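Structure first, then comments.
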Amino acid sequence: MHQSNIILGLLSDQSTPGLRAPFLGHQCSTTLAPAVFALRYDCELYTGFCFRVAPAHWRLELGDRISTHENGSPRSSEDIMRDVNRAFEAAIRRDPANWFWVHRRWKPDEKNPSREAVG
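Residue numbers are given in numbering that gives the first Met the number 0: position 36 of the sequence shown equals residue 35, and the series is strictly consecutive.
Structure below.
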């Protein structure tokens, strides 16, 4: 059953096993969940950002639509999430002081522990 006017929000910048993808110049663990949901349920995919504009006041912005299909065929979840990471990077670069992260975003690669972790 397809229902309109429903929005599902996912915290896709959470570090989870899945894809190692570039983010702010370093490889980091990136969830595939938003891409998988969008492809499985044929949903449009957007990023959303919250910008602080004054004490206790924020502006929510919807990012550009992330393409889930190309030439009538589904794109890979990996390619979709790389685009999501690029959208997050652009928002962070636009207002770096606004970015709040409390975890180690760049954890070591569990499959290759010799790689340097940052963050």
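For glycine and all other residues, C-beta sits at the position ideal for the given N, C-alpha and C.
None of the values given here were measured: they were computed from a predicted structure.
My output table needs one value for residue i: the three-state DSSP class, helix, strand or coil.
i: Ile-65; result: strand
i: Leu-31; result: coil
i: Gly-118; result: Because Gly-118 carries a pLDDT of 45, less than 50, the predicted location of this residue cannot be relied on, and no value is offered for it.
i: Ser-76; result: helix
i: Leu-44; result: strand
i: Phe-36; result: helix
i: Ile-91; result: helix
i: Asn-97; result: helix
i: Asn-70; result: coil
i: Thr-4; result: Looking at the sequence provided, one finds Asn at residue 4 rather than Thr. Reduced to three states, the DSSP call for Asn-4 is coil.
Whose C-beta lies closer than 6 Å to the C-beta of residue i among residues of the same chain, with five residues either side of it excluded?
i: Cys-49; result: Trp-57, Leu-59
i: Trp-98; result: Ile-91
i: Arg-51; result: Trp-57, Asn-97
Looking only at DSSP bridge pairs, what is residue i linked to?
i: Arg-58; result: Phe-50
i: Leu-18; result: Thr-29
With distances taken between CB atoms, is the gap from residue i to residue j smaller than 8 Å?
i: Pro-33; j: Leu-44; result: yes
i: Ile-65; j: Asp-41; result: no
i: Gly-71; j: Gly-47; result: no
i: Gly-62; j: Ala-86; result: yes
Note down, in chain order, each residue of its chain lying with its Cβ closer than 7 Å to the Cβ of residue i, except the 5 sequence neighbours on either side.
i: Arg-39; result: none
i: Asp-94; result: Phe-50
i: His-68; result: Arg-74
> Would you call the segment 76-96 and the segment 20-40 in contact, with 3 or more CB pairs under 8 Å?
Replying inline: Touching, per the Cβ criterion.
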